[in-house]
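Right, one structure below, let's go through it.
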């Protein structure tokens, strides 16, 4: 990248990639390469907006609308987390139809997000696009290995996936009003009671999406993996992961479609919300914001702080860095793999796997393992829409319960955005927001070093990444993008 | 592939069949469109990428057609193949070569506190570039600046009360620095894809027909006092709302799920919002905010502070 980079006396070369593109947000990666491999890495989040401060003093109900605007790719995830926190703070129990409608809205956004990520953000790492902007210029040695015919098919899929993800947004909008940034999810449920007509519209669109996920997206991910087999061996990182669980399957919130849990140092643990904390020694925030649970959280920027290099706080579980996202969820939930997955793993890779964990830690925790996990999860969500929620939903039955904002109170909302664990915390005083803290997935994965000196999960995953040509460090961004940062 | 007349009519009329906007396109120049394919740079400041994601939802013309035929998108952080210095260098090289002729699109607002440190966009030769300096540099030499989304146009949420970053709109940053490049605002949180592509196509069309200066003159003519193209933002939502008669008869919905009556008392900001959502609708025409819940007034300069609390009348 930095073409001027020449090795120092110790043989180390420092290179920077800024911007890291095809992600949501502003990210810079800096790595030290020695003997053709990454030996150290720093990730810097280059933007701060200060939503936490902007929310203070507002009507708590506005939080679900304002926080959606944190991310145009996953606004429904923020809407969901905010509404769960508000349901908690306002002590409201939603109806079954409200819960299922929320799942239909969020589920459609999951499919949109996973397709967008693979085809429009990550696929150009493996596929040669049309020979004009914005697909070129590229690195000199882009390491694109698909033969011409397969590549042409993949480009057609890129175009087709644009259409399919648009259809997913139409599904979201049917009950959510519009997308990005839905109006249809509020504290107490959803604003629109599904009618027979709208359910039929949802179902007919969904049919096409499900077909694409099952017959095109999933097999293509495995096929690409078979051409880039070495990418199952890099980008592993700490192999620690966490999931809050997502898609409530009952009104008590005791059961979710995808399980919650934590996996650290090779052991499974039950998720304990009290063990979450944020650290800011290397982040541009005042040191008083460090070592705090989100319910005590503070977000006070300090851009002149010595030694800091990111606007992202270092989120930690029991002081450990943990990876979040589809790989974490599939590892913790450990579902049976899709039929196409089982077959292709056997045919293309010679791996006999029935459940996700049969891949083994070393293959699953990898650059390509993350793409496989995301594709497998897309089918699980599609199946839940098809086999469960579209059957449970009752046309004409209420989806909304009225509630009042309390004078004082607090609430916490745990969910999983498509890209990983998401928490919203609200504290209400005088019926206004007194404190609001947000812990999105990006903060879990792409964070900088913590007060204990541990690298963030993506920083760690970059260690050992091969960089045979520092002018074309393709695998660095491939690893970063596999997290959907 | 070229843009067909049908694409134009669809783009301009929304889902309710055709009045108003279609007249702004002269079908005779449609065939000529292929000749003028402007270089476009898309710069993201303090935003959420929602405008870009909304752009991808374009139906007529499809986003693939826009990218491959209508414009040359030389820089867009979310979709370009390139990254790092290769991407940044390409942008600065092409901007130099196309000086005065390119279109720059801004998404997101500009933090001006701390010398712009709250938003870093890229790096070249060891130097980091902020949104603030990039905005000034890229706008200065552009033929036209298009601000997509309420953040770039008016500041939006990052510039709302309580912000500590000194966030403001691209429009204000340019005015404060004496940059006179014509500015078009396409607000919305996010803007409808038709509004973004319709505005671009209108500008391309006008430039093709009347040359750069004359064409841009035509574009400026259709803007309202907030810099928005009137074909899309010229009508008030409340005045055109299908529930207006309920408002006039004082029949108000008390809960969101009551779809019979006017949503004013639930906090609907339609009376202070100017956009054609009432006829265009969203996401392939399946729904829109008022039918679903309430309008937040997201296309207005006062969003969000003047529209908040969102769920209280008035």
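Chains as they are written, first to last, in my numbering: chain U, 67 to 551; chain G, 59 to 372.
The beta-carbon is built from N, C-alpha and C at its ideal position, and this holds for glycine as well.
Interface partners of residue 477(U) on chain G, CB under 8 Å:
Residue numbering aside, residue 477(U) sits at position 411 when the first chain is read from its first letter. In chain order: nothing, as chain G lies at least about 17 Å away.
Mind checking whether residue 193(U) and residue 212(U) have CB atoms under 8 Å apart?
Here residue 193(U) refers to the residue found at position 127 of the first chain. Here residue 212(U) refers to the residue found at position 146 of the first chain. Cβ atoms of residue 193(U) and residue 212(U): closer than 8 Å.
Taking the alpha helix (DSSP H) that residue 479(U) falls in, what are its first and last residues?
In the first chain, residue 479(U) corresponds to position 413, counting from 1. First-last for residue 479(U): 475–483, but that is the beta strand (DSSP E), not the alpha helix (DSSP H).
Residue 472(U) by DSSP, collapsed to three states: which one?
Position 406 of the first chain, counting from 1, holds the residue named residue 472(U). In the structure shown, residue 472(U) sits in coil (DSSP, three-state: anything other than H, G, I, E or B).
With a cut-off of 8 Å on the beta carbons, I'd call residue 352(G) and residue 325(G) a contact; round off their distance for me.
For the purposes of this step, residue 352(G) is taken as residue 294 along the second chain, with counting starting at 1. For the purposes of this step, residue 325(G) is taken as residue 267 along the second chain, with counting starting at 1. Yes, they are in contact, since the Cβ atoms of residue 352(G) and residue 325(G) sit about 5 Å apart, within 8 Å.
Is the separation between the beta-carbon of residue 186(G) and that of residue 369(U) shorter than 8 Å?
The residue given as residue 186(G) occupies position 128 in the second chain. The residue given as residue 369(U) occupies position 303 in the first chain. Their beta carbons are not under 8 Å apart, which means residue 186(G) does not touch residue 369(U) by this criterion.
For residue 175(G), go through chain U and note every residue whose CB falls closer than 7 Å to its CB, in chain order.
Taking the second chain and counting its residues from 1, the one referred to as residue 175(G) is at position 117. 369, listed in chain order.
Does any CB atom of chain G fall closer than 8 Å to the CB of residue 88(U)?
As a position in the first chain, residue 88(U) is number 22, starting the count at 1. For residue 88(U), the answer is yes, since a Cβ of chain G falls inside 8 Å of its Cβ.
Looking at chain G, which residues of the region 197–220 of chain U have a Cβ within less than 9 Å of any of its Cβ atoms?
198, 199, 200, 201, 202, 203, 204, 205, 206, 208
Would the region 386–406 of chain U and the region 299–310 of chain U be scored as touching if the rule is three or more Cβ pairs under 8 Å?
yes
Can the beta-carbon of residue 115(U) be found less than 8 Å from the beta-carbon of residue 108(G)?
In the first chain, residue 115(U) corresponds to position 49, counting from 1. In the second chain, residue 108(G) corresponds to position 50, counting from 1. Not in contact: residue 115(U) and residue 108(G) (Cβ atoms no closer than 8 Å).
Backbone CA spacing between residue 94(U) and residue 290(G) [nearest angstrom]:
Along the first chain, one-based indexing puts residue 94(U) at 28. Along the second chain, one-based indexing puts residue 290(G) at 232. Cα to Cα, residue 94(U) sits roughly 37 Å from residue 290(G).
Going by other Cβ atoms of all chains shown within 10 Å of its Cβ, with 16 needed for buried, is residue 523(U) buried or exposed?
For the purposes of this step, residue 523(U) is taken as residue 457 along the first chain, with counting starting at 1. Counting the other Cβ atoms within 10 Å of the Cβ of residue 523(U) gives 16 or more, which makes it buried.
Is the Cβ of residue 221(G) closer than 8 Å to any Cβ of chain U?
The residue labelled residue 221(G) in the question sits at position 163 within the second chain. Judged by the 8 Å Cβ criterion, residue 221(G) is in contact with chain U.
Which residue or residues does DSSP assign as beta-bridge partners of residue 327(G)?
Along the second chain, read from residue 1 onward, the residue named residue 327(G) stands at position 269. Answer is none; residue 327(G) lacks a bridge partner.
If you follow the beta strand (DSSP E) that residue 333(U) is in, where does it begin and where does it stop?
Within the first chain, numbered from 1, the residue matching residue 333(U) stands at position 267. For residue 333(U), the enclosing beta strand (DSSP E) stretches over residues 333–335.
Hey, out of 233(G), 260(G), 300(G), 132(G), whose CA is closest to residue 244(G)'s CA?
For this step, residue 244(G) is matched to residue 186 along the second chain. Of 233(G), 260(G), 300(G), 132(G), the residue nearest in Cα terms is 260(G).
Residue closest to residue 525(U), alpha-carbon to alpha-carbon, out of 111(U), 88(U), 102(U)
The count along the first chain starts at 1 and reaches residue 525(U) at position 459. Considering only alpha carbons, the answer is 111(U).
Determine the direct distance from the alpha carbon of residue 288(G) to that of residue 92(G), and round the result to whole angstroms.
In the second chain, residue 92(G) corresponds to position 34, counting from 1. In the second chain, residue 288(G) corresponds to position 230, counting from 1. Any answer about residue 92(G) is weak, because its pLDDT of 49 lies below 50 and its placement is not dependable; what the coordinates show is given next. The alpha-carbon atoms of residue 92(G) and residue 288(G) are separated by roughly 26 Å.
Does residue 239(U) get closer than 8 Å to chain G when you measure Cβ to Cβ?
Within the first chain, residue 239(U) is the residue found at index 173, counting from 1. At least one chain G Cβ lies under 8 Å of residue 239(U).
Beta-carbon neighbours of residue 233(G), restricted to chain U and to distances below 8 Å
The residue you call residue 233(G) lines up with position 175 of the second chain. Going along chain U, no residue has its Cβ under 8 Å from residue 233(G), so there is no contact; the nearest lies around 22 Å.
Measure the beta-carbon distance from residue 133(U) to residue 168(U) and round it to whole angstroms, keeping in mind my assumption that it falls under 8 Å.
Looking up residue 133(U) in the first chain gives position 67. Looking up residue 168(U) in the first chain gives position 102. Not a contact, Cβ separation roughly 16 Å.
With a threshold of 6 Å on Cβ separation, who are the neighbours of residue 432(U) within its own chain once the five nearest residues in sequence on each side are excluded?
Locating residue 432(U) in the first chain gives position 366, where the first residue counts as 1. Contacts found: 298, 301, 302.
Coarse secondary structure for residue 541(U), derived from DSSP in three states
Locating residue 541(U) in the first chain gives position 475, counting from the first residue. Correct three-state label for residue 541(U): helix.
Residue 247(U) and residue 137(G) - do their beta-carbons sit closer together than 8 Å?
Taking the second chain and counting its residues from 1, one reaches residue 137(G) at position 79. Taking the first chain and counting its residues from 1, one reaches residue 247(U) at position 181. Against a cut-off of 8 Å, the Cβ pair of residue 247(U) and residue 137(G) comes out as no contact.
With DSSP as the reference, label residue 98(U) as helix, strand or coil.
On the first chain, position 32 is the one that residue 98(U) refers to. Collapsing the DSSP output to three states places residue 98(U) in a strand.
Through-space distance from residue 137(U) to residue 489(U), alpha-carbon basis
Numbered from its first residue, the first chain carries residue 489(U) at position 423. Numbered from its first residue, the first chain carries residue 137(U) at position 71. Spanning the two alpha carbons is a distance of roughly 14 Å.
Residues that residue 314(G) contacts on chain U, provided the C-beta gap is smaller than 7 Å
In the second chain, the residue the question calls residue 314(G) occupies position 256. Correct list: 252, 257, 466.
If you compare alpha carbons, which of 390(U), 120(U), 76(U), 98(U) is closest to residue 366(G)?
Numbered from its first residue, the second chain carries residue 366(G) at position 308. Residue 366(G) has its Cα closest to that of 120(U), out of 390(U), 120(U), 76(U), 98(U).
Between the beta-carbon of residue 223(G) and the beta-carbon of residue 160(G), is there less than 8 Å?
As a position in the second chain, residue 223(G) is number 165, starting the count at 1. As a position in the second chain, residue 160(G) is number 102, starting the count at 1. Not a contact, by the Cβ cut-off of 8 Å.
Hey, out of 80(U), 264(U), 117(U), 143(U), whose CA is closest to residue 484(U)'s CA?
Along the first chain, read from residue 1 onward, the residue named residue 484(U) stands at position 418. Considering only alpha carbons, the answer is 143(U).
Does the distance from the CB of residue 508(U) to the CB of residue 378(U) come in under 8 Å?
The residue you call residue 508(U) lines up with position 442 of the first chain. The residue you call residue 378(U) lines up with position 312 of the first chain. Cβ distance < 8 Å, so residue 508(U) and residue 378(U) count as in contact.
Comparing alpha-carbon positions, which option in 242(G), 100(G), 135(G) lies nearest residue 286(G)?
Taking the first residue of the second chain as position 1, residue 286(G) is located at position 228. Of the candidates 242(G), 100(G), 135(G), the one whose C-alpha sits nearest the C-alpha of residue 286(G) is 242(G).
Alpha carbon to alpha carbon, what distance is there between residue 316(U) and residue 162(U)?
Stepping through the first chain from its first residue, residue 162(U) is reached at position 96. Stepping through the first chain from its first residue, residue 316(U) is reached at position 250. Taking the straight line from one Cα to the other gives about 7 Å.
Which residues DSSP lists as bridging residue 313(U), in chain order:
As a position in the first chain, residue 313(U) is number 247, starting the count at 1. Paired residues: none, contrary to the question.
If we ignore side chains and look at the alpha-carbon of each, how far apart do residue 102(G) and residue 194(G) end up?
Start at 1 with the first residue of the second chain, and residue 102(G) comes out as number 44. Start at 1 with the first residue of the second chain, and residue 194(G) comes out as number 136. Using only the alpha carbons, I get a separation of about 13 Å.
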